[in-house]
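First the structure, in the form of structure tokens, and then the observations on it.
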Amino acid sequence: MKITGLSHLFKWENLHNWWLTKYFFPPLFVLCTSGDSVKVYSTRTEEWLHSLQGHTNQVTGIALNRANHLQVYSCSADGTVKLWDFIDGILIKTFIIGYPLFAIYVSEKHDGIVFLHIAMDTDSKNECFQLVAVHLPKSAEQEVEAKELSAVSSRISPNPSCTAFGREGQYIAFARHLQLNVYFFRKQKTYSFSLKATDKKGAKNAFTCIACHPADDCIATGHEDGKIRLWRNFIHTKEYTYSTQHWHHNAVNTLCFTPEGTNLLSGGIESVLVQWQYGAGNRKEFLPRLGGSILHVSTSSDGQLFCTSHSDNKITVIESSFKVCGVIQGLVKGDAVLTDLMIDPRSKALVLNGKPGHLQFYSLMRDKHLYNLDIVQQEYIYEAGLDQFEVVKAAFDINGYWLATVEERGQKSSDLEFVLKLWAYDERTQSFVLNTTITAAHTDRIISMCFSSSEETTMLVTTAEDGQFKAWCQGADADTQQDQSFWSCEFVGSYHNLKPTNCSFSADSSLLAVNFQEVITIWSPDTWELLTTLCQPPGVVRDLCFGRLSCSKYLIATTTRNLLCCWNLLTCALEWSTSVEVSKLQPDPLSENVAAFSYQSKHTDLFVFKPSEPRPLFTHKNMCSEKIHRAVFVPREEPLNNCDESSQWLNRSQLYFLTQNMDLLTFSTATEEDRMLSSSKRLVIDDSVAVTPFYLLLGKHRQQQQKLNTPSHPAADKPQQPQGSVTITELLHTPAHVLPAASVLCSMLVSSLLISNTGVRKDPLREMESSEQEMNSEKEEEHSEEEMEACDSQQELRAQGSVDEVTPKLSKAQERELKRIRKTDFSWMTGLIDSKP
Amino acid sequence: MASFKPTKVPFLPKLGEKVTEETLYWKNYKSPVQIKEFGAITKIDFSPLPPHNYAVTASTRIHIYGPHSQEPIRSFTRFRDTAYGGRFRGDGKLLVAGSEEGLIRLFDISGRVALRQFKGHTKAVHMTSFLSDGFRVVSGSDDLSCRVWDVPSAVELSSLTEHTDYIRALAPSKLNPDLFVTGSYDHTVKVFDMRSGSSVMTMQHGHPVECVLLYPSEALLVSTGGRYVKVWDLLKGGQELVSLKNHHKTVTCACLSSVGNKLLTGSLDRHVKVYNSSYKVVHNFDCDASILSMAIAPDDEALAVGMTNGVLSVRHRRHKKDKETLTSRRRRGPSYQVFVKGKNFVPRQDDFLVSKPVKQYLRKYDKQLKSFEVSKALDTALQTWTRTSKPDVTVAVIIELKRRGTLKNALAGRNEESLTKILNFLLKHIFDPRFSRPLLMVGDIVLDLYQQVFHQSPVVERLLQRLMEVLGREAELQQELLQVLGILDTLFTSLTPRKEVLWERCCPMPLSNHCVSVSSVSADVSKI
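Following this line, the structure appears as structure tokens:
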């Protein structure tokens with residue numbers, strides 16, 4: 000067993016919440032921090048444009064440069080402040096501060112100065128933060144050390160929304176616990192105002208957020224009990240006043256004044272954006288049901304658009320007329336993933352808990368949220384501490400025609416409510432439609448369920464804490480004589496009143512294994528006969544699965560007493576067993592392999608093995624430090640032909656797994672990484688040809704042809720650099736409406752596609768032309784083939800040389816997107832082009 | 000953004016009979032018309048000619064009733080003793096009847112005096128019928144013989160004495176004038192062929208045969224006797240097709256509906272059962288007394304049932320016309336046309352379409368729930384109409400309030416009147432297995448909230464008293480059910496394990512939980 004260096008573990012990009020959505024200047028762009036990068040989205044199309052990458056740790060804050068509205072500052076826990084041109088995604092400058100930074104503020108008045116939160120003590124347990132002003136030195140260098148720190152205050156809340164700049168940067172307001180401080184820059188003086196912790200009505204007065212009016216001397220503060228206070232006349236310590244408004248029933252998470260100061264926006268856990276009219280007392284507007292709880296609100300500088308970020312990894316773009324005009328949704332991050340990770344057999348999307356009461360479908364290929372399926376179909380009440388229905392189990396049948404879900408409520412209290420629902424796939428609407436609702440499927444909680452794996456009959460088996468397992472079948476009701484068929488119970492089984500925990504069907508669905516604590520019972524689903532029982536005491540069986548394909552005669556089980564057992568079902572005897580603590584057992588549906596995650600001494604190891612032999616195929620020790628409970632094999636679109644032994648198990652499907660910190664991780668092989676790198680090189684384009692779909696499809700077709708021509712030639716495997724004849728380039732670059740008539744162009748085009756018989760190969764331009772023409776014509780002469788290859792490889796070298804100099808970097812997601820486009824088959828187009836001459 | 004999701008009213012199937020098209024068809028009869036006769040009604044026969052008058056044989060007379068009249072339009076009273084088995088000829092002009100003294104009389108429908116009298120039987124003749132050619136009469140008698148008579152000459156053509164007991168059932172073939180079927184108390188059903196002069200087929204029914212019936216195709220034969228109804232396949236040489244045991248007393252009569260050939264059987268247990276084509280009971284008519292005879296009019300227009308206490312009960316089919324008159328009486332709102340004006344307008348090609356946002360219409364209680372007015376929502380759900388005709392809506396709102404954690408708030412602060420409303424609703428529905436869980440919870444909360452003030456209102460106190468009584472009774476019943484379950488369990492444990500599995504399959508209802516919760520609430524009530 001060797002730990003291979005080829006398999007490389009990387010963190011999958013999209014699973015982290017938006018820390019702060021801040022400032023989006025021309026209302027075209029929204030910037031938000033996301034992990035160690037800042038992402039730029041378009042407000043019009045809701046598409047991800049690019050991300051600003053360069054920080055080595057969590058990005059904690061962003062702020063627009065007041066001097067130049069096309070630039071943005073970002074600060075990070077790695078101790079640097081970076082200045083970006085966010086439209087083109089170019090890093091302009093890096094200022095090295097040297098301390099971990101937690102928030103950044105800028106003001107118009109203080110040019111060249113940024114205000115930062117830094118931790119006072121090295122240990123962050125104390126949570127003592129300091130607000131410092133940093134003068135950014137002006138120098139032409141890329142990396143500058145900024146050491147001119149001056150402390151403004153040390154009474155700072157760790158919450159970055161508890162600090163705000165007042166009118167034109169005259170003062171800065173910051174709050175901590177029950178104290179509001181206002182620091183006037185001109186007077187260099189701090190005024191403090193404090194509230195009592197609780198009043199008669201039991202209000203919690205701690206500050207949660209602050210916003211300052213842009214034109215008026217007014218500070219709005221949000222409080223833990225949902226009150227909003229508007230402070231005025233705070234220039235005097237004694238004669239200050241405040242007015243209180245109360246609508247939120249829980250803590251106000253965020254406050255924001257519109258740029259003109261006419262309105263105040265507030266948001267909290269209720270997921271209602273409230274717009275208060277400034278100076279009009281209690282007049283307010285609501286925008287309810289936006290999604291998760293609102294974490295942050297910001298407005299564009301012209302006040303045209305508002306933007307809210309939500310706890311479920313979502314940004315909502317709202318017009319000033321209080322209408323939602325766009326939603327940017329990442330992988331929905333719920334409180335917990337209660338269902339298993341699943342793959343929808345139709346769309347190959349990853350399915351897991353999404354919004355409360357929903358299942359989300361997430362395309363891993365395109366890294367995009369597809370849709371949410373409403374399972375509970377009830378109004379969600381945004382209220383802390385309320386026990387709501389939550390989807391706890393879900394399963395797909397093998398064709399993706401049926402989806403079974405279990406929703407549960409009242410886990411904490413004694414009266415448990417749960418509903419088993421079966422959903423049928425509707426071809427017309429392309430989504431799942433509720434078919435059957437079973438309210439009292441069992442008398443106690445359903446522990447596990449699975450569909451039979453045969454294509455002919457669909458059967459669902461559920462096991463519950465009431466000591467029974469039930470088989471559900473779809474069948475037409477003879478009495479009602481309706482076309483629609485519903486699901487009904489076919490069989491109830493139990494074994495000595497023991498509690499069943501897991502159930503699994505064999506690969507051909509001829510056997511059903513249900514384990515009752517220590518005992519595994521094997522049933523025949525046709526006759527419902529108990530065939531045999533298997534047992535390996537001591538230790539309760541924790542996980543159970545059948546082998547697939549050639550190993551379908553094996554049954555694998557893990558027990559709580561650190562045992563992994565494999566039975567041969569033909570002999571009903573234990574084939575092998577090994578002592579390993581397994582937290583999750585995941586079989587690959589497309590191969591014999593089974594992945595076992597073992598959690599021992601505070602780190603997780605991965606073993607991949609075939610049931611037929613006790614020796615693992617692949618071992619990865621110390622993979623991560625958290626326990627892993629959810630994993631899934633995702634079938635690849637096209638199998639890799641990786642000949643490396645240690646990573647062969649990844650050829651047909653990819654393993655994704657979810658840690659306890661809700662990070663979704665995957666294994667990628669070295670070849671994939673290489674391909675990604677090479678593709679980024681490949682996709683670098685010389686200036687003469689724009690990246691059009693035409694270019695991509697032509698390139699792809701060329702690649703295919705080349706493969707056909709030289710199947711064994713490794714050098715030719717790489718695609719051609721783009722070369723176009725001048726005519727075609729011109730044709731493709733000129734706008735259509737200024738082009739002459741097609742009849743005029745036709746002859747030109749045809750002649751450009753003809754094989755030139757000059758044969759001169761010294762002129763590189765000519766060379767390119769000729770090679771391209773050869774590519775495009777199927778019926779080329781045999782003898783020119785070798786020559787062409789030779790010239791190809793030459794060209795390749797040349798091209799790559801030139802590429803290295805001006806490599807505009809493409810982000811990974813862009814590469815992926817391009818790869819996807821390349822994969823889609825546009826060869827029919829080239830067929831058309833070919834047929835023209 | 001996502002719009003408000005209205006409260007879902009769960010569709011919970013009612014326990015018991017399922018509503019099918021067949022049941023709807025058979026339910027579609029008006030309430031029965033009762034006509035008192037002088038004695039037990041032994042035979043009812045519908046005339047094959049419209050307007051389908053029917054002859055009712057009871058005591059010493061035969062009455063002929065029109066389809067909608069309650070008074071007989073004609074009666075034949077010239078019987079010295081009890082008359083039996085009055086039956087029409089195929090053209091509806093002649094009627095034949097046997098009698099206790101053994102005489103068979105033939106009447107003209109318009110006449111009053113018997114046209115012919117067939118003498119020969121020595122004992123009572125319970126069954127008479129015309130053969131399908133209309134010129135011969137066949138009779139079955141208690142003297143064990145079965146005789147065929149010639150109508151024009153009134154002479155006996157033949158006498159068949161193959162039965163060894165009273166002949167009480169007879170059915171002539173409609174397709175062949177020479178065939179008829181008899182059933183006897185000697186437990187046999189025989190098919191006679193006049194051409195051979197003897198029986199050609201004998202079936203063992205196993206019980207005294209009360210009635211035989213041929214399907215119109217005459218491939219199937221129905222015989223009733225004892226508690227059994229048996230269907231025989233004549234084409235397979237009299238093989239038993241199905242044996243039905245749905246009555247718990249002797250099945251005395253059977254008839255076939257003319258729409259779809261559904262079998263109806265009547266029995267001494269006062270039930271008429273309707274079977275579908277796969278011989279499952281789809282409907283059940285209840286009567287006041289034991290049923291002796293039954294007939295159904297062509298096109299199932301009317302169902303006449305004769306009983307031992309001499310009451311003839313006739314059910315007429317309800318027609319759409321009747322319903323329309325009912326609905327037209329109801330007040331009509333503004334016409335639908337107003338709302339769909341311009342619905343069929345097809346936009347032209349270059350029209351610019353301004354899409355109108357689809358407005359979500361919410362029920363009143365949903366509107367109130369949307370604005371978190373929980374008490375008002377509960378009030379709306381407890382309005383008289385909703386409460387009485389759609390209790391599931393009321394319960395759905397209660398469940399929704401429970402889910403929101405505001406049920407207690409909604410129930411609190413009520414006056415006597417609204418509390419009475421709630422308690423009445425509880426009394427009515429607390430034992431409906433669909434609603435009992437949420438309603439028991441409501442009961443608990445009401446007790447908690449109003450414990451101190453109950454004694455101030457005698458009305459509420461009385462209602463609570465009743466609730467306690469009812470709950471106590473229910474708890475007792477559940478206790479008994481559990482005992483039965485225990486007995487059954489011991490019985491089944493002595494059987495094979497396979498049977499045990501089957502038993503579990505047919506009893507998925509958790510009785511024990513329910514019982515426990517019921518008894519806990521009743522204990523609560525009794526505390527007060």
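Line order of the protein sequences matches chains D and E. Position 510 of the first sequence, counted from 1, bears residue number 509 in numbering that gives the first Met the number 0, the numbering being contiguous throughout. Position 75 of the second sequence, counted from 1, bears residue number 74 in numbering that gives the first Met the number 0, the numbering being contiguous throughout. Glycine included, C-beta positions come from ideal geometry on N, C-alpha and C.
- Within chain D, not a single residue places a beta-carbon under 8 Å from that of Gly182(E); the smallest gap is close to 32 Å.
- Restricting attention to Asp84(D), Tyr72(D) and Pro613(D), the CA atom closest to the CA of Ile95(D) is found in Tyr72(D).
- In this structure, Ala250(D) places its C-beta atom within 8 Å of the C-beta atom of Glu223(D).
- The beta-carbon of Glu591(D) is placed no less than 8 Å from the nearest beta-carbon of chain E.
- The segment 488 to 525 of chain D is shown to contain whole beta strand (DSSP E) runs of 3 or more residues at 499 to 504, 511 to 515 and 518 to 523, in chain order.
- Restricted to the segment 32 to 67 of chain D, the beta strand (DSSP E) segments that are unbroken, complete and at least 3 residues in length are 36 to 41, 47 to 52 and 58 to 63, listed in chain order.
- If you draw a straight line from the Cα of Ser216(E) to the Cα of Ala96(E), it is about 26 Å long.
- As a beta-bridge residue in DSSP terms, Ile290(E) pairs with Met306(E).
- Per DSSP, Pro739(D) is not a residue of any alpha helix (DSSP H), being assigned neither H nor E.
- The beta carbon of Leu589(D) lies closer than 6 Å to those of Pro634, Arg651 and Ser652 in the same chain, with the five residues before and after it left out.
- Judged by DSSP secondary structure, Ala395(E) falls within the alpha helix (DSSP H) whose first and last residues are Pro390 to Arg402.
- When 8 Å is used as the limit between beta carbons, Lys229(E) is near no residue of chain D, the shortest such separation being about 23 Å.
- Taking the beta carbon of Arg403(E) as reference, the chain D residues within 9 Å of it are Glu378, Ile380, Glu382 and Leu385, listed in sequence order.
- Residue contact check for Phe134(E) against chain D: no CB pair falls below 8 Å.
- Between Leu264(D) and Gly221(D), the gap from beta carbon to beta carbon reaches 8 Å or more.
- Ser308(D) has His295(D) and Ile314(D) as its beta-bridge partners, per DSSP.
- With respect to the C-alpha of Ile108(E), the residue from Arg316(E), Ala474(E), Ser46(E) and Gly309(E) having the closest C-alpha is Ser46(E).
- Around the Cβ of Ile398(E), a 10 Å sphere holds 16 or more other Cβ atoms; the residue is buried.
- A Cβ of chain D is located within less than 8 Å of the beta carbon of Lys4(E).
- Counting of Cβ neighbours within 10 angstroms places Cys210(E) among the buried residues, the total reaching 16 or more.
- Look at Lys358(E): its C-beta is not under 8 Å from any C-beta on chain D.
- DSSP places Asn423(E) in the uninterrupted alpha helix (DSSP H) bounded by Glu415 to His428.
- Between Thr603(D) and Cys623(D), the C-beta spacing is below 8 Å.
- CA-to-CA, the gap between Ile89(D) and Ser645(D) works out to about 40 Å.
- Contact annotation for Lys7(E) against chain D: Gln376 and Gln377 [CB-CB distance below 7 Å, chain order].
- Per the C-alpha coordinates, the member of Val375(D), Ala76(D), Leu738(D) and Leu554(D) positioned closest to Pro9(E) is Val375(D).
- Within the same chain, and ignoring the five residues on either side of Lys401(E) in sequence, the residues whose Cβ sits closer than 7 Å to its Cβ are Pro437 and Met440.
- It is roughly 47 Å from the alpha-carbon of Leu302(E) to the alpha-carbon of Asp525(D).
- Exposed is the label assigned to Arg347(E), since fewer than 16 other Cβ atoms lie within 10 Å of its Cβ.
- Every candidate alpha helix (DSSP H) stretch fails here, since none sits fully inside the segment 64 to 133 of chain E while reaching 4 residues.
- One thing to note: Pro171(E) has its Cβ within 8 Å of the Cβ of Ser128(E).
- Pairing Val131(D) with His54(D), the inter-Cα distance amounts to about 21 Å.
- Contact between Ile155(D) and Gln129(D) holds: CB atoms are separated by about 6 Å, below the 8 Å threshold.
- When the alpha-carbon of Asn56(D) is set against those of Gln274(D), Cys564(D) and Ala76(D), the nearest one is in Ala76(D).
- The segment 355 to 375 of chain D makes no contact with the segment 372 to 387 of chain E, as fewer than three CB pairs between them are under 8 Å.
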